[in-house]
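In this text, residue positions in the sequence shown follow the UniProt record's numbering: the first is 1, and each later residue adds one.
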Amino acid sequence: MFTGIVEEMGTVVALVPGVGDEADARLQVRGPLVTSDARLGDSIAVSGVCLTVAELPGDGTFVADVMPETLRRSALGELREGDAVNLERALAVGGRYGGHVVQGHVDGVGVVRARRPGPRWDDVEIGLDPALARYVAEKGSITVQGVSLTVTHVSDDAFGVSLIPTTLEVTTLGSLAPGARVNLEVDVLAKYTERLLAASGVAR
C-alpha cells in the first residue's frame, strides 16, 4: 500500500518491450533514494503504478516487469529514456500516513485539458472516462501520476485539482502541459462501497 506522497523523481533508464501483440515490458528506473534499502520483491510505485523489483543492478537503479494489463491500463508504455517519473516506496508499518489509501492499481488514463497558473499554485483540469467519474467526488481524494490530490470540482467527464508549490517542485506534475496523459487511480473506498451496495441490491 502507498499514500500518494512522492519520495523522489526518478529517471527512466530504459523501457524494453517484449515480443508480440500482448507483450509485457521491462522497465529500468534510476532512483537513488527508493533503491537505498530496496530488496528483490519489494514494491515501488512508478508514477502511480505498483511494480515489483525484479533486479537491483547496484547503480541506484531497479528493474521491474510491466505486465500487458498494466500497459493497457496506464501510460507506462509511453515512457522514453530520460523521462522523469514519480517514485514512492510501499508504506512501512508505523510510517506516517500523509496522503490517502493508494493501491498502485491504476484505473485508467486521463488527459490534461487545461492549466491555469495562480500566484503560487496551478489549477489543473483533467478529463477522464465517464465510467470512472462516478467514483470522483468534490473534496475527495484521487491519485494522479502517483500523487495524492484533493478534488476541487468534478463533472461527468472531468475533474479539477490545485497543485501547491511543493507538488509543483518535487513531482512531475510541475511540468504537465495540456494534452499530457496521466495515470489515474480513484479512491478504492468508493469502488468497494459501490460493490457492496450492488451486492445488497441498493445500487444498480
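C-beta: ideal position from N, C-alpha, C; glycine also. Quick caveat: nothing in here was measured; it's all calculated off a predicted structure.
8 angstroms Cβ shell around residue i - same chain, five flanking residues per side excluded
| i | result |
| --- | --- |
| L91 | M1, F2, T3, Y97 |
| L168 | W121, D122, G174 |
| R113 | E125, I126, G127, A158, P178 |
| G60 | R30, G31, P32, T35 |
| E138 | V151, T152, H153, V154 |
Which of helix, strand or coil DSSP assigns to residue i
| i | result |
| --- | --- |
| G10 | strand |
| R39 | coil |
| P165 | helix |
| A114 | strand |
| R30 | strand |
| R89 | strand |
| G174 | helix |
| G127 | strand |
| R80 | coil |
| P68 | helix |
| A133 | helix |
| A45 | strand |
| A198 | helix |
Bridge partner(s) assigned by DSSP for residue i
| i | result |
| --- | --- |
| H153 | G160 |
| I142 | L149, V186 |
| E55 | V63 |
| D122 | P117, L163 |
| V106 | According to DSSP, V106 bridges with nothing at all. |
| A180 | Beta-bridge pairing links A180 to no other residue. |
| A25 | P17, V66 |
7 angstroms CB neighbourhood of residue i in its chain, flanking five on each side removed
| i | result |
| --- | --- |
| I5 | E88, G98, G99, S148 |
| V188 | V101, Q103 |
| H105 | C50, E185 |
| E81 | V12, V13, A14 |
| G18 | D24, A25 |
| P165 | R120, W121 |
| E8 | G31, L33, V34, L87 |
| K191 | Y135 |
6 angstroms Cβ shell around residue i - same chain, five flanking residues per side excluded
| i | result |
| --- | --- |
| D129 | G108 |
| T193 | none |
| P68 | E22, D24 |
Nearest neighbour of residue i, chosen from the options [CA to CA]
| i | options | result |
| --- | --- | --- |
| L176 | G201, P117, D37, Q28 | P117 |
| D156 | I142, V136, G146, P165 | V136 |
| H153 | V170, G201, G77, A133 | A133 |
| P57 | T172, A38, G146, S200 | A38 |
| F62 | L71, G201, R73, A45 | A45 |
| Q145 | A131, G110, N183 | N183 |
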